[in-house]
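There are 2 protein chains.
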Amino acid sequence: MKLNSEQINQKLKDAGLKVTPQRHAILEAVCRLGNHPTADMVIDYIRRTHPGIATGTVYKVLDTLVDNHLVRRVKTDKDAMRYDAIMESHHHIYCAETERIEDYFDKDLDEMLQAYFQKKNLHNFKIEGIFLQINGNFNDNSK
Amino acid sequence: MKLNSEQINQKLKDAGLKVTPQRHAILEAVCRLGNHPTADMVIDYIRRTHPGIATGTVYKVLDTLVDNHLVRRVKTDKDAMRYDAIMESHHHIYCAETERIEDYFDKDLDEMLQAYFQKKNLHNFKIEGIFLQINGNFNDNSK
DNA sequence: TCTTATATAGGAATTACTCTTATTTAAGAA
DNA sequence: TTCTTAAATAAGAGTAATTCCTATATAAGA
Ligand SMILES: [Mn+2]
Ligand SMILES: [Mn+2]
Ligand SMILES: [Zn+2]
Ligand SMILES: [Zn+2]
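Printed below as a string of structure tokens:
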């Protein structure tokens, strides 16, 4: 989560992508903003330091980052897509009312699910990932 | 899934909703179309028998049906929301490439998850539902 | 340094969805 | 059955979110 400038560049390189200031800024923004920002939030954040960036560039780079597994999409009931720079396996706790999304890491759960579906064997489907969306309401509104 | 006209009306009534031709047609369309149609697909389908229906009405009614638990939203990596008239607990198998979504019913899995989270107890979050999105690729392109 | 495939800027275009207001209607009351 | 009225719909303008196009710029390998 707390990647320095060099680590961000390295991630891009490792993915076989050209390192550009735009890609750097966008990946950094998704990391830094946390809480699963929308494209629009990314744009607002980036323009503070990088005023000229084009809207289309942000969308295109986000797609590229998703395709190259540096970022993932997080879907909610609302219209706008949200993005997540945490690529370690984790799930999402989501409150539709407040649009708040919290990460949920649970190794035991992941192992349980993996074991379950190994046994189950969905014929004619190759599983690439299993994600849980846990819907409900947060009791407090802290954080 | 194979609801007749009367059953559709009954569902609306049971939810405490006024029965209107538009609501009837929209709920029927989501049932009949299956495969998690977009609002646009619902509009196209309905206009064949019900040419005058307004776009805004379809979106509004879909919202109403979701709020009253007669339909649920299904989100994918693409921009457009999709809808599902199957309200029994089930999960989704999703291929991002083809945008195909298959329903996945699994009582054992549901019980396992429920038991797991009962024990786990996410403090400060009231769970309303847990949905799995199983991402990957279908081997065949049948169906 | 040169080359070139790739990426970005700029902005128009499109899609998906939302909102507003006048009109209509479902369904309970009389 | 007719009346009443809160709620629903039509129509279409408006907005948000995303995509697309093309000229220009740039990263990075040769
Ligand atoms: Mn979603
Ligand atoms: Mn949209
Ligand atoms: Zn996350
Ligand atoms: Zn379904």
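In order, the protein sequences belong to chains E and B. Numbered according to our numbering, the first sequence spans residues 53 to 195. Numbered according to our numbering, the second sequence spans residues 53 to 195. We treat Cβ as the ideally placed atom computed from N, Cα and C, and that holds for glycine.
Check: Closest Cβ-Cβ distance between residue 128 (chain B) and chain E: below 9 Å?
Finding: Within the second sequence, numbered from 1, the residue matching residue 128 (chain B) stands at position 76. It does: the Cβ of residue 128 (chain B) has a partner Cβ on chain E nearer than 9 Å.
Closest to residue 130 (chain E) by C-alpha separation, out of E:166, E:90, E:157, E:167, would be which residue?
Mapped onto the first sequence, residue 130 (chain E) falls at position 78. Measuring from the Cα of residue 130 (chain E), the nearest candidate turns out to be E:90.
Taking the alpha carbon of residue 145 (chain B) as the reference point, which residue from E:137, E:79, E:175, E:163 has its own alpha carbon closest?
For the purposes of this step, residue 145 (chain B) is identified with residue 93 of the second sequence, where counting begins at 1. For the residues E:137, E:79, E:175, E:163, the minimum Cα distance to residue 145 (chain B) belongs to E:175.
inquiry  = My output table needs one value for residue 172 (chain B): the three-state DSSP class, helix, strand or coil.
reply    = Locating residue 172 (chain B) in the second sequence gives position 120, where the first residue counts as 1. Residue 172 (chain B) carries a helical assignment under DSSP once its states are collapsed to helix, strand and coil.
Quick check on residue 23 (chain B): buried or exposed, where buried means 16 or more other Cβ atoms within 10 Å of its Cβ? Past the boundaries of the shown model lies residue 23 (chain B); chain B is included only from 53 to 195, so the question cannot be answered.
Using 8 Å as the cut-off, can you tell me whether the stretch 150-164 of chain E makes contact with the stretch 152-162 of chain B, which would need three or more C-beta pairs spanning the two stretches below that distance?
A contact between stretches requires three or more CB pairs, one per stretch, nearer than 8 Å, and the stretch 150-164 of chain E fails this requirement with the stretch 152-162 of chain B.
Exercise. Around ligand 3, what residues have a beta-carbon under 7 Å from a heavy atom of it, in chain order?
Worked result: For ligand 3, the residues with a Cβ under 7 Å from any of its heavy atoms are, in chain order, E:88, E:126, E:136, E:138, E:142, E:144, E:153, E:155.
Worksheet item: Are the Cβ atoms of residue 96 (chain E) and residue 132 (chain E) separated by less than 9 Å?
Response: Residue 96 (chain E) sits at position 44 when you count from the first residue of the first sequence. Residue 132 (chain E) sits at position 80 when you count from the first residue of the first sequence. No, the pair does not count as a contact, with Cβ atoms beyond the cut-off.
- So is the beta-carbon of residue 77 (chain E) under 8 Å away from any non-hydrogen atom of ligand 2? Looking up residue 77 (chain E) in the first sequence gives position 25. No - ligand 2 has no heavy atom lying nearer than 8 Å to the Cβ of residue 77 (chain E).
Run through the DSSP bridge pairs and tell me what residue 161 (chain E) is partnered with. Within the first sequence, the letter at position 109 stands for residue 161 (chain E). None, per the DSSP bridge assignment.
* Asked: How would you call residue 37 (chain B), buried or exposed, if buried means at least 16 neighbouring beta carbons within 10 angstroms?
  -> With chain B covering 53 to 195 only, the question about residue 37 (chain B) has no answer from this structure.
Assumed close pair residue 139 (chain B), residue 168 (chain E) - CB separation to whole angstroms, cut-off 8 Å: Along the second sequence, one-based indexing puts residue 139 (chain B) at 87. Along the first sequence, one-based indexing puts residue 168 (chain E) at 116. 24 Å between Cβ atoms; not a contact.
Anyone know if the C-beta pair for residue 166 (chain E) and residue 182 (chain E) falls short of 9 Å? The residue you call residue 166 (chain E) lines up with position 114 of the first sequence. The residue you call residue 182 (chain E) lines up with position 130 of the first sequence. At a Cβ-Cβ threshold of 9 Å, residue 166 (chain E) and residue 182 (chain E) count as neighbours.
Practice item. Could you tell me which residues DSSP puts in a beta bridge with residue 152 (chain E)? Key: Counted from its first residue, the first sequence places residue 152 (chain E) at position 100. Residue 152 (chain E) is bridged to E:147.
Please look up how many angstroms separate the CB atoms of residue 74 (chain E) and residue 109 (chain E), rounded, as I've assumed it's under 8 Å.
Against the first sequence, residue 74 (chain E) aligns to sequence position 22. Against the first sequence, residue 109 (chain E) aligns to sequence position 57. For a cut-off of 8 Å, the C-beta gap from residue 74 (chain E) to residue 109 (chain E) is around 5 Å, short enough to register as a contact.
Please classify residue 63 (chain E) as buried or exposed, where buried requires at least 16 neighbouring CB atoms within 10 angstroms. Residue 63 (chain E) sits at position 11 when you count from the first residue of the first sequence. Here residue 63 (chain E) is buried: its Cβ has 16 or more other Cβ atoms, across all protein chains shown, within 10 Å.
Which residues end up in the neighbourhood of ligand 2 when you take C-beta atoms closer than 5 Å to any of its heavy atoms?
The filter returns E:131, B:131, in chain order.
Chain E contacts made by the stretch 103-114 of chain B, where a contact means CB separation under 7 Å:
Within the stretch 103-114 of chain B, contact with chain E at the beta-carbon level (separation under 7 Å) is assigned to no residue.
Notebook entry, point to check: Can you give the Cα-Cα distance for residue 99 (chain B) and residue 86 (chain E), rounded to whole angstroms?
Noted result: As a first step, residue 99 (chain B) must be located in the second sequence, where it is residue number 47. As a first step, residue 86 (chain E) must be located in the first sequence, where it is residue number 34. The alpha-carbon atoms of residue 99 (chain B) and residue 86 (chain E) are separated by roughly 43 Å.
Checklist line | Partner residues on chain B for residue 192 (chain E), Cβ-Cβ distance less than 9 Å | finding: Your numbering for residue 192 (chain E) matches position 140 in the first sequence. The answer, in chain order, is 176.
Strictly by DSSP, which residues pair up with residue 185 (chain B)? Translated into positions along the second sequence, residue 185 (chain B) becomes position 133. For residue 185 (chain B), which the question treats as bridged, DSSP gives the partners E:183, B:144.
| query | Residue range of the beta strand (DSSP E) that residue 66 (chain B) falls in? | reply | Reading the second sequence from its first residue, position 14 is the one you call residue 66 (chain B). No beta strand (DSSP E) contains residue 66 (chain B), which is instead part of the alpha helix (DSSP H) from 57-66.
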